[in-house]
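Each residue of the sequence shown is one higher than the last, beginning at 130 in our numbering.
Ideal Cβ placement from N, Cα and C applies to all residues, glycine included.
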Amino acid sequence: MEKKYVSYCFIKAFVYVLLVQNIAFTQNIQIQAQPQTINYRENDMVIVCSITNPSQLGAVYYIELQKNSSTTFDTVVSVTTGGTPPIQWTDSTLQGRASATGNVDSPSTAQLRLTINKASVQCPTDFKMYICKMSGIASSGPVTQETSPITIRWCAQRAGEFIFTGLPQTPIHSEASQSGCIFTRSSTITYNLTSEDTFTKFLCEAGDTGLCGTGTAIQYVNITIG
130 MEKKYVSYCF
140 IKAFVYVLLV
150 QNIAFTQNIQ
160 IQAQPQTINY
170 RENDMVIVCS
180 ITNPSQLGAV
190 YYIELQKNSS
200 TTFDTVVSVT
210 TGGTPPIQWT
220 DSTLQGRASA
230 TGNVDSPSTA
240 QLRLTINKAS
250 VQCPTDFKMY
260 ICKMSGIASS
270 GPVTQETSPI
280 TIRWCAQRAG
290 EFIFTGLPQT
300 PIHSEASQSG
310 CIFTRSSTIT
320 YNLTSEDTFT
330 KFLCEAGDTG
340 LCGTGTAIQY
350 VNITIG
């Protein structure tokens, strides 16, 4: 007999990176936190903006790192072609306790890196939503892009299978909520169980690189049908 199984998970992260959608072009810009999970006062906070498809671009004019401030995103720091110096700070307060490096000399090397020493990281001030923005030239003409959205997705591994595969069900996500330095977001799916789902394993993850199980935040759920 078929049963409905409602699976629910929480995704928690010490730094929440919100990636804003732009669907007009092939994505050329990405944002990364290094390390992937930043523990308060244990790790330096490093955020990197880099180019994902350099062969598609003839030049990069600028890269910006922006941080959410209530209702808008404000530029923190940028690297610009022809800038003197190339690194331009907008957030002068953060500049006093952070460093930034980067270049836009060529699409293959273009990047912007913000580093806040672990002793200087401030919570909750630094634990905000960030995006990267770039402008350049492609064969089709000028390109201005922001980073694409990070979502929570679900995968399953059935008995006898060696890898997790993505589930087609559309999850229901909550808004991210902050408690101190930790952001929490929940995700729920409804899955129809059959006799073939004995010992099926589920995972939900955020920040994946394409393959199931590569997320920066992962939670596993196991079920057994008696």
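Sub-9 angstroms separation of residue i and residue j beta-carbons
i	j	result
THR345	THR166	yes
CYS252	GLY309	yes
VAL175	PRO164	yes
PHE331	VAL350	yes
GLY211	CYS178	no
Spatial distance of residue i from residue j (CA atoms)
i	j	result
GLN348	THR213	46 angstroms
GLU171	GLY270	44 angstroms
ALA162	ASN246	14 angstroms
PRO300	GLU193	32 angstroms
SER306	SER315	10 angstroms
GLN217	LEU223	12 angstroms
PHE202	GLU325	47 angstroms
ASP255	GLU304	19 angstroms
PHE225	SER268	For clarity, residue 225 is Gly in the given sequence; the question names Phe instead. C-alpha separation (whole angstroms): 40 angstroms.
TYR320	GLY295	13 angstroms
GLY289	ALA229	48 angstroms
THR209	SER199	26 angstroms
Helix, strand or coil at residue i [DSSP, three-state]
i	result
GLN185	helix
ALA142	Confidence at ALA142 is low in this model, with a pLDDT of 44, below 50, so the placement of that residue is unreliable and no value is reported for it.
GLU171	coil
SER207	strand
LEU223	helix
GLU290	coil
SER235	coil
DSSP beta-bridge partners of residue i
i	result
ILE356	Nothing can be reported for residue 356: it is not among the residues displayed for the chain, which extend from 130 to 355.
ALA267	LEU186, GLY270
ALA346	ALA335
ILE158	ILE180
SER228	THR244
Contact test: residue i Cβ vs the ligand NAP heavy atom, cutoff 8 angstroms
i	result
VAL208	Looking for the ligand NAP in the displayed structure turns up nothing, as the structure carries no ligands at all.
Closer than 9 angstroms to chain C by CB, residue i
i	result
GLN298	Structure shown: chain C not included; a single protein chain is present.
Integer-rounded CB distance, given that residue j should sit under 8 angstroms from residue i
i	j	result
LEU243	VAL205	7 angstroms
VAL272	ILE281	No, VAL272 and ILE281 are not in contact; Cβ-Cβ is about 29 angstroms, not under 8 angstroms.
TYR191	VAL233	6 angstroms
GLN156	GLN274	7 angstroms
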